[in-house]
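Engineer: Before I ask anything, here is the structure I am working with.
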């Protein structure tokens, strides 16, 4: 059985200050032995299908800064499973839009210099389904909604403003849906589209011990351990 740290969407290079330290501390606190990134480990704002932000870096500059941040994560967690999010897949999606086959593209491990990471569309560990949430519904409790459809426990990313655990049970068994939350910087250029939103991202991560979930919120208020002012 496993002791899993599940890291939320980080959208490198637009990760919240202190989030890597928060995840490192959780790994030690819970004595984890596995790591799952729940998707969107990179942002790729420069090749978005949406209107470009004129103040954002171009593709090469964004790649270089994102690569540096991904390498920081790689040094922290040499072995990990990375669920491929919709942002991670943007190069492939752009290529497909102009009829370029996937065989002409670099794989994720090569592109991001992470040879010991396993990049997957989804995975099941200890009977729990881990996936990124794009194309899988929404609402107030997206992971729980998907767990209801599938009839198994689900750990899910993608929905930045959703975080927490909801349970279901019947006479035979119980199962859950956990929205992991994320580790993004809401003020970064990549998220300027959401500047008028009243709700903000849930900065958090998940821990799953032998199939049982725990949701850990990152304390980022002034004076708290992971406040921005404590990090350069």
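In my numbering, the protein residues as written are 8 to 239.
From the three backbone atoms N, C-alpha and C, an ideal C-beta is built for every residue, glycine too.
Measure the Cβ-Cβ separation of residue 119 and residue 14 and say whether it is below 9 Å.
Structural biologist: Not a contact, by the Cβ cut-off of 9 Å.
Engineer: Between which two residues does the beta strand (DSSP E) containing residue 13 stretch?
Structural biologist: Taken as a continuous stretch (DSSP letters only), the beta strand (DSSP E) holding residue 13 covers 10-14.
Engineer: Check each candidate in 192, 180 and 41 and name the one with the smallest Cα separation from residue 234.
Structural biologist: Of the listed residues, the one whose Cα sits closest to residue 234 is 192.
Engineer: How about residue 20 and residue 54: are their beta carbons less than 9 Å apart?
Structural biologist: Cβ distance not < 9 Å, so residue 20 and residue 54 don't count as in contact.
Engineer: Is it true that the region 35-47 meets the region 83-95, where meeting means three or more beta-carbon pairs spaced less than 8 Å apart?
Structural biologist: These segments touch.
Engineer: Taking only three categories from DSSP, how would you classify residue 72?
Structural biologist: Here residue 72 sits in helix by DSSP.
Engineer: Just to confirm the assignment, what range does the alpha helix (DSSP H) spanning residue 144 have?
Structural biologist: Careful: residue 144 lies outside any alpha helix (DSSP H) and carries neither H nor E.
Engineer: Compare the Cα-Cα distances from residue 188 to each of 147, 8 and 178 and report the closest residue.
Structural biologist: Minimum Cα distance to residue 188 is reached at 147.
Engineer: Where in the region 154-210 do unbroken runs of the beta strand (DSSP E), each at least 3 residues long, occur, reported from the N-terminal end onward?
Structural biologist: Listed in chain order, the complete beta strand (DSSP E) runs (minimum 3 residues) inside the region 154-210 are 160-163, 171-176 and 181-186.
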